[in-house]
Amino acid sequence: MPSAMWNRCGAPLLVTVMILGCGGEATGPGRASVASVVVTPPSASVYQGQTAQLIATLRDPGGAALNDRAVTWASDATAVATVSGSGLVTAVGPGTATITATAEGKSGTAAVSVVGPVASVTVTPAAATIPEGGTLQLTATPLDAANTPLTGRVITWSSSAPSVATVSATGLVNGYAPGTATISATSEGKTHSATITVSTVPVASVTIAPASYTLVPSGTVQLSATLRDSMGRALSGRTLTWSSSSQAVATVSAGAVYAVAPGSVTVSAAVTGSATVGTASVNVTEVTFTSLSLGTGYSCGLTASGAAFCWGRNSDSQLGDGTTASRSTPGGVAGGLSFAMIDAAAYHTCAVTATGSGYCWGRGWGGALGGGSTEDNRPTPALVSGGLTFAQIQVVGTAASCGVTRADEVYCWGGSSSGQLGQGTLGGMSLTPLRVVGGLTFASLAGGSDHFCGLTQAGTAYCWGSNIYYQLGDTVFLGSGVPVAVSGATFSQLSAGSFHNCGLTAAGTALCWGVNSSGELGRGMTSPSERSPTGVAGGLAFTAIAAGGNHTCGLVAGGRALCWGRNDFGQLGDGSKTNSSVPVAVSGDLTFVSVAAGRTYSCGITAGGTAYCWGANDSGQLGDGGTTTSPAPVRVVGQP
Numbered sequence: 137m138p139s140a141m142w143n144r145c146g147a148p149l150l151v152t153v154m155i156l157g158c159g160g161e162a163t164g165p166g167r168a169s170v171a172s173v174v175v176t177p178p179s180a181s182v183y184q185g186q187t188a189q190l191i192a193t194l195r196d197p198g199g200a201a202l203n204d205r206a207v208t209w210a211s212d213a214t215a216v217a218t219v220s221g222s223g224l225v226t227a228v229g230p231g232t233a234t235i236t237a238t239a240e241g242k243s244g245t246a247a248v249s250v251v252g253p254v255a256s257v258t259v260t261p262a263a264a265t266i267p268e269g270g271t272l273q274l275t276a277t278p279l280d281a282a283n284t285p286l287t288g289r290v291i292t293w294s295s296s297a298p299s300v301a302t303v304s305a306t307g308l309v310n311g312y313a314p315g316t317a318t319i320s321a322t323s324e325g326k327t328h329s330a331t332i333t334v335s336t337v338p339v340a341s342v343t344i345a346p347a348s349y350t351l352v353p354s355g356t357v358q359l360s361a362t363l364r365d366s367m368g369r370a371l372s373g374r375t376l377t378w379s380s381s382s383q384a385v386a387t388v389s390a391g392a393v394y395a396v397a398p399g400s401v402t403v404s405a406a407v408t409g410s411a412t413v414g415t416a417s418v419n420v421t422e423v424t425f426t427s428l429s430l431g432t433g434y435s436c437g438l439t440a441s442g443a444a445f446c447w448g449r450n451s452d453s454q455l456g457d458g459t460t461a462s463r464s465t466p467g468g469v470a471g472g473l474s475f476a477m478i479d480a481a482a483y484h485t486c487a488v489t490a491t492g493s494g495y496c497w498g499r500g501w502g503g504a505l506g507g508g509s510t511e512d513n514r515p516t517p518a519l520v521s522g523g524l525t526f527a528q529i530q531v532v533g534t535a536a537s538c539g540v541t542r543a544d545e546v547y548c549w550g551g552s553s554s555g556q557l558g559q560g561t562l563g564g565m566s567l568t569p570l571r572v573v574g575g576l577t578f579a580s581l582a583g584g585s586d587h588f589c590g591l592t593q594a595g596t597a598y599c600w601g602s603n604i605y606y607q608l609g610d611t612v613f614l615g616s617g618v619p620v621a622v623s624g625a626t627f628s629q630l631s632a633g634s635f636h637n638c639g640l641t642a643a644g645t646a647l648c649w650g651v652n653s654s655g656e657l658g659r660g661m662t663s664p665s666e667r668s669p670t671g672v673a674g675g676l677a678f679t680a681i682a683a684g685g686n687h688t689c690g691l692v693a694g695g696r697a698l699c700w701g702r703n704d705f706g707q708l709g710d711g712s713k714t715n716s717s718v719p720v721a722v723s724g725d726l727t728f729v730s731v732a733a734g735r736t737y738s739c740g741i742t743a744g745g746t747a748y749c750w751g752a753n754d755s756g757q758l759g760d761g762g763t764t765t766s767p768a769p770v771r772v773v774g775q776p
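Here my numbering = 1-based position in the sequence shown + 136.
1) May I have the straight-line CA-CA distance separating THR302 from GLY311, to the nearest angstrom?
2) Return yes when the Cβ of VAL423 is within less than 7 angstroms of the Cβ of GLN775, no when it is not.
3) When the Cα atoms are used, what is the spatial distance from SER335 to PRO314?
4) With H, G and I counted as helix, E and B as strand and the rest as coil, what does DSSP make of ALA370?
5) If you reduce the DSSP assignment to three classes, tell me which class GLN189 lands in.
6) Since ALA395 sits in a beta bridge, which residues does DSSP pair it with?
7) Can you grab the Cα-Cα spacing for the pair LEU156 / THR187, in whole Å?
8) Pull up the distance between the alpha-carbon of ASP457 and that of THR525, whole angstroms please.
9) Would you grab the beta carbon distance between VAL672 and CYS648 for me? Rounded to a whole angstrom, and I think it's under 8 angstroms.
10) Evaluate contact between the segment 424 to 438 and the segment 330 to 345, counting only Cβ atoms and requiring at least three cross-stretch pairs below 8 angstroms.
11) By Cβ distance, which residues of its chain are closer than 8 angstroms to PRO719, with the 5 residues on each side in sequence left out?
12) Quick check on the burial criterion: 16 or more other C-beta atoms within 10 angstroms. Buried or exposed for ILE191?
13) Within the chosen definition, does the segment 353 to 361 reach the segment 318 to 326 through at least 3 CB pairs nearer than 8 angstroms?
14) Is the beta carbon of GLY655 sitting closer than 7 angstroms to the one on THR645?
15) How should ASN686 be labelled, buried or exposed, when 16 other C-beta atoms within 10 angstroms of its C-beta is the threshold for buried?
16) Which residue from ALA361, PRO346, VAL290 puts its Cα closest to that of THR327?
17) Helix, strand or coil: which one does DSSP assign to TYR606?
18) Please specify which runs of the beta strand (DSSP E), each continuous and at least 3 residues long, are wholly inside the segment 490 to 573, giving them in chain order.
19) Can you tell me the Cα-Cα spacing of ALA487 and LEU363, whole angstroms?
20) Taking the DSSP output, what are the residues bridged to THR118?
21) On the CB-based measure, 16 or more other CB atoms within 10 Å of its CB, does ASP710 come out buried or exposed?
22) With DSSP as the reference, identify every bridge partner of SER462, one or two as the case may be.
23) Give every residue of the same chain whose Cβ lies closer than 7 angstroms to the Cβ of GLY185, excluding the five residues on either side of it in the sequence, and list them in chain order.
24) Quick one: using the 10 Å Cβ neighbour count with 16 as the cut-off for buried, is THR214 buried or exposed?
25) Anyone know if the C-beta pair for ALA579 and GLN559 falls short of 7 angstroms?
26) Using the rule of at least 16 other Cβ atoms within 10 Å of the residue's Cβ for burial, across every protein chain shown, is MET601 buried or exposed?
27) Enumerated in chain order, which unbroken segments of the alpha helix (DSSP H) with a length of 4 residues or greater are wholly contained in the segment 289 to 335?
28) Using a Cβ-Cβ cutoff of less than 8 angstroms, which residues in the same chain neighbour GLY762 once the five nearest sequence positions on both sides are dropped?
29) Please go through the same chain and pick out, in chain order, the residues whose beta-carbon is closer than 8 angstroms to the beta-carbon of VAL182, but skip the five residues on each side of it.
30) Based on DSSP bridge pairs, tell me the residues matched to VAL173.
31) Which residue spans inside the segment 342 to 370 form an unbroken beta strand (DSSP E) run of at least 3?
32) Are the Cβ atoms of ASP586 and VAL532 separated by less than 7 angstroms?
33) In whole angstroms, what separates the C-alpha of ASP204 from that of ASP196?
34) Would you call the CB atoms of ALA504 and ALA482 closer than 7 angstroms?
35) Can you give the Cα-Cα distance for GLY523 and SER372, rounded to whole angstroms?
36) Apply the 10 Å Cβ neighbour rule to PHE475 and answer buried if 16 or more other Cβ atoms are within range, or exposed otherwise.
Structure below.
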């Protein structure tokens, strides 16, 4: 017993007595005892060689958690699993172990099952035969050393001959071509295989695409053949023999047709060892053009009969030939339609028939093809919905189209970010044609990169859409969703470039406005953008004008062509690649009846209908059969 302690005034002091246990741990008044120990999770399954963390929760008689007490961990089967002082369990071998956590005489347990490694894998069925185009579900079962099925194991599948049969991540086999393939399932380094034989199925049909095609002499087209069985399933692994009904008109090798001379041939693809044959018709014709339209990396032209030919980049089916293969020579637009006008843009093309029906093809983001879909991709001409009768359709950029009807009303469709649909707002989208607000009527339209311009019967120009370079001829900087008048002149012709416009007065004076970073306005300088029409230097009288990407071309009396602006690809045609802010003559002593300007190249048509092009040619847009840039005019292939 401790002796009493007194203060200096004679009063007794309060003394707290601490009683220590044998281990020195406090057990006296104020110290709660451990009433229960709970181990979580109460059960666990652990792969051999892996670990799992257990947690012991201690509580006093009132249920409050205790966090300052020592816990002792133990395993009743250390050959199965061991446990560290912190509750970390290590799986040693297959079996079950009870893991115990003890604190102040109270214990809690958890049951730990140790799962052994995969000792083998069984695939069923071990052998099977399926037809071409058929499927078969295989099953893989991992087993331990005692041949007990194991679950939850990762299984990877593979095929020794994917051209014969493939296998999915779930073991589904697809038969593609006659032959034998070994299908294997692997889990934790153990593999088992099944032998799959794909049997031959008779070919019921051969379809060649495109089924008909028009080429110019020296032009080419790659045909493809699709083989199907009697159930319509695609077949492969067959040898095809290609032939032409007239080698003097066109030859064919592995589906690649080369046009030799005008005429018509039947191209056939026969399955070796079978009587099944597919055919396509190829027409070879010389062409002369009455009009051209140039887009971004591709060109389109019309003949006197209204036949449409396109060439150049075709990644989005903008050539309308049913394929996505680019070409460096003119090829016919599919469908056999006769058009009165055609307009090329970046990813889609539109044209109007002699009876006023509008057709578009290519990729039409935002509904630019007018077919009722927000992301339409059409490899061949498709009718614009709405039943309107058009005189002209113009396309811009990637997402919008506008057409003027025979009643001089303008309708637009597609996507708008700068007001190019003319619906009064900068944004919006329409899958079908909507009339431009304002009630104006127009005789003609011109489309730029993201703006449109229209010319009234009286010669007044109106523009709408983006105005970041003042291409609307107005000070509304951001853009306008309604047509705004271009002040300062009336015009007889109007052409829209990417971010600038040019027009001709009745007297042939050329006036341009918009961006001028490369001298495309022809003012003799690369001054800032012009808000209103400004005269082209030199005082020339033009008979035609065409605005392109960052350059402009025009014709003067006698058919001489002059161009000005950017020239890094030779798009001015003067034999150099030097920019010019004043008109320079196109080389070659050629005379033209019309001129066209694309984004980085230009073309002209002579009085005889022969087309010549110059500038960039990375996708074959010059039509000369190659892809070499030319700063001087080159003749488009296939003309008499």
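C-beta: ideal position from N, C-alpha, C; glycine also.
In this text the structure is predicted, and so the values were computed from the model without any measurement.
From the atom records:
1) As a position in the sequence shown, residue 302 is number 166, starting the count at 1. As a position in the sequence shown, residue 311 is number 175, starting the count at 1. Roughly 7 angstroms between the two C-alpha positions.
2) Residue numbering aside, residue 775 sits at position 639 when the sequence shown is read from its first letter. Residue numbering aside, residue 423 sits at position 287 when the sequence shown is read from its first letter. Yes, the pair counts as a contact, with Cβ atoms nearer than the cut-off.
3) To locate residue 335, count along the sequence shown from 1; it is residue 199. To locate residue 314, count along the sequence shown from 1; it is residue 178. Rounded to the nearest angstrom, the two C-alpha atoms are 5 angstroms apart.
4) In the sequence shown, the residue the question calls residue 370 occupies position 234. Strand.
5) The residue you call residue 189 lines up with position 53 of the sequence shown. Collapsing the DSSP output to three states places GLN189 in a strand.
6) Here residue 395 refers to the residue found at position 259 when the sequence shown is read from its first residue. ALA395 is bridged to ALA386.
7) Position 20 of the sequence shown, counting from 1, holds the residue named residue 156. Position 51 of the sequence shown, counting from 1, holds the residue named residue 187. Reliability of the predicted coordinates at LEU156 is poor, the pLDDT of 33 falling under 50, and the value obtained from them is presented with this limitation in mind. Distance from the CA atom of LEU156 to the CA atom of THR187, rounded to whole angstroms, is 38 angstroms.
8) Taking the first residue of the sequence shown as 1, we reach residue 457 at position 321. Taking the first residue of the sequence shown as 1, we reach residue 525 at position 389. Rounded to the nearest whole angstrom, the CA to CA distance from ASP457 to THR525 is 24 angstroms.
9) What you label residue 672 is simply residue 536 of the sequence shown in a count that begins at 1. What you label residue 648 is simply residue 512 of the sequence shown in a count that begins at 1. Sure, about 6 angstroms apart at Cβ, within 8 angstroms.
10) The answer is no - the segment 330 to 345 does not touch the segment 424 to 438, with fewer than three Cβ pairs under 8 angstroms.
11) Here residue 719 is taken as the residue at index 583 of the sequence shown, counted from 1. Same-chain partners within the cutoff: GLY658, VAL672, ALA673, GLY674, LEU676, GLY690, LEU698, CYS699, TRP700.
12) Residue 191 sits at position 55 when you count from the first residue of the sequence shown. Exposed, because fewer than 16 other Cβ atoms sit within 10 Å of the Cβ of ILE191.
13) Per the Cβ contact rule, the segment 353 to 361 is not in contact with the segment 318 to 326 (fewer than 3 Cβ pairs under 8 angstroms).
14) For the purposes of this step, residue 655 is taken as residue 519 along the sequence shown, with counting starting at 1. For the purposes of this step, residue 645 is taken as residue 509 along the sequence shown, with counting starting at 1. Contact flag unset, no.
15) Translated into the one-based positions of the sequence shown, residue 686 becomes position 550. Buried: at least 16 other Cβ atoms inside 10 Å.
16) Taking the sequence shown and counting its residues from 1, one reaches residue 327 at position 191. Between THR327 and the set ALA361, PRO346, VAL290, the nearest pair of CA atoms involves VAL290.
17) Translated into positions along the sequence shown, residue 606 becomes position 470. Note: TYR606 maps to coil in three-state DSSP.
18) Runs of the beta strand (DSSP E) inside the segment 490 to 573: 494 to 501, 511 to 519, 526 to 532, 536 to 541, 546 to 552, 564 to 571.
19) Here the question's residue 487 lines up with position 351 in the sequence shown. Here the question's residue 363 lines up with position 227 in the sequence shown. LEU363 has its alpha-carbon roughly 34 angstroms from the corresponding atom of ALA487.
20) Any question about residue 118 goes unanswered here, given that the chain covers just 137 to 776.
21) Taking the first residue of the sequence shown as 1, we reach residue 710 at position 574. By the neighbour-count criterion, in which a residue is buried when 16 or more other Cβ atoms sit within 10 angstroms of its Cβ, ASP710 is buried.
22) Sequence index remark: in the sequence shown, residue 462 carries index 326 (1-based). Bridge partners of SER462: none, in fact.
23) Numbered from 1 along the sequence shown, position 49 holds the residue referred to as residue 185. Cβ neighbours of GLY185 beyond the five flanking positions: ALA227.
24) Looking up residue 214 in the sequence shown gives position 78. It counts as exposed.
25) Stepping through the sequence shown from its first residue, residue 579 is reached at position 443. Stepping through the sequence shown from its first residue, residue 559 is reached at position 423. Remark: C-beta atoms of ALA579 and GLN559 do not approach each other more closely than 7 angstroms.
26) Stepping through the sequence shown from its first residue, residue 601 is reached at position 465. For the sequence presented, residue 601 should be read as Gly rather than Met. Under the 10 Å beta carbon count, GLY601 is surrounded by 16 or more other beta carbons and is classified as buried.
27) Here no run is fully enclosed.
28) Residue numbering aside, residue 762 sits at position 626 when the sequence shown is read from its first letter. Correct list, in chain order: SER464, ASN753, GLY756.
29) Along the sequence shown, one-based indexing puts residue 182 at 46. Within the same chain, and ignoring the five residues on either side of VAL182 in sequence, the residues whose Cβ sits closer than 8 angstroms to its Cβ are ALA188, ALA217, VAL225, ALA227, VAL248, SER249, VAL250, VAL251.
30) For this step, residue 173 is matched to residue 37 along the sequence shown. Paired residues: LEU194.
31) DSSP runs (the beta strand (DSSP E)) wholly in the segment 342 to 370: 348 to 351, 356 to 358, 360 to 364.
32) On the sequence shown, residue 586 is found 450 positions in, with the first residue counted as 1. On the sequence shown, residue 532 is found 396 positions in, with the first residue counted as 1. Going by C-beta atoms, ASP586 is nearer than 7 angstroms to VAL532.
33) Residue numbering aside, residue 204 sits at position 68 when the sequence shown is read from its first letter. Residue numbering aside, residue 196 sits at position 60 when the sequence shown is read from its first letter. One C-alpha to the other measures close to 12 angstroms.
34) As a working note, residue 504 is residue 368 in the sequence shown. As a working note, residue 482 is residue 346 in the sequence shown. No, these two residues do not count as a Cβ contact at 7 angstroms.
35) For the purposes of this step, residue 523 is taken as residue 387 along the sequence shown, with counting starting at 1. For the purposes of this step, residue 372 is taken as residue 236 along the sequence shown, with counting starting at 1. Per the coordinates, the alpha-carbon of GLY523 lies some 43 angstroms from the alpha-carbon of SER372.
36) Counted from its first residue, the sequence shown places residue 475 at position 339. With 16 or more Cβ atoms within 10 Å of its Cβ, PHE475 is classed as buried.
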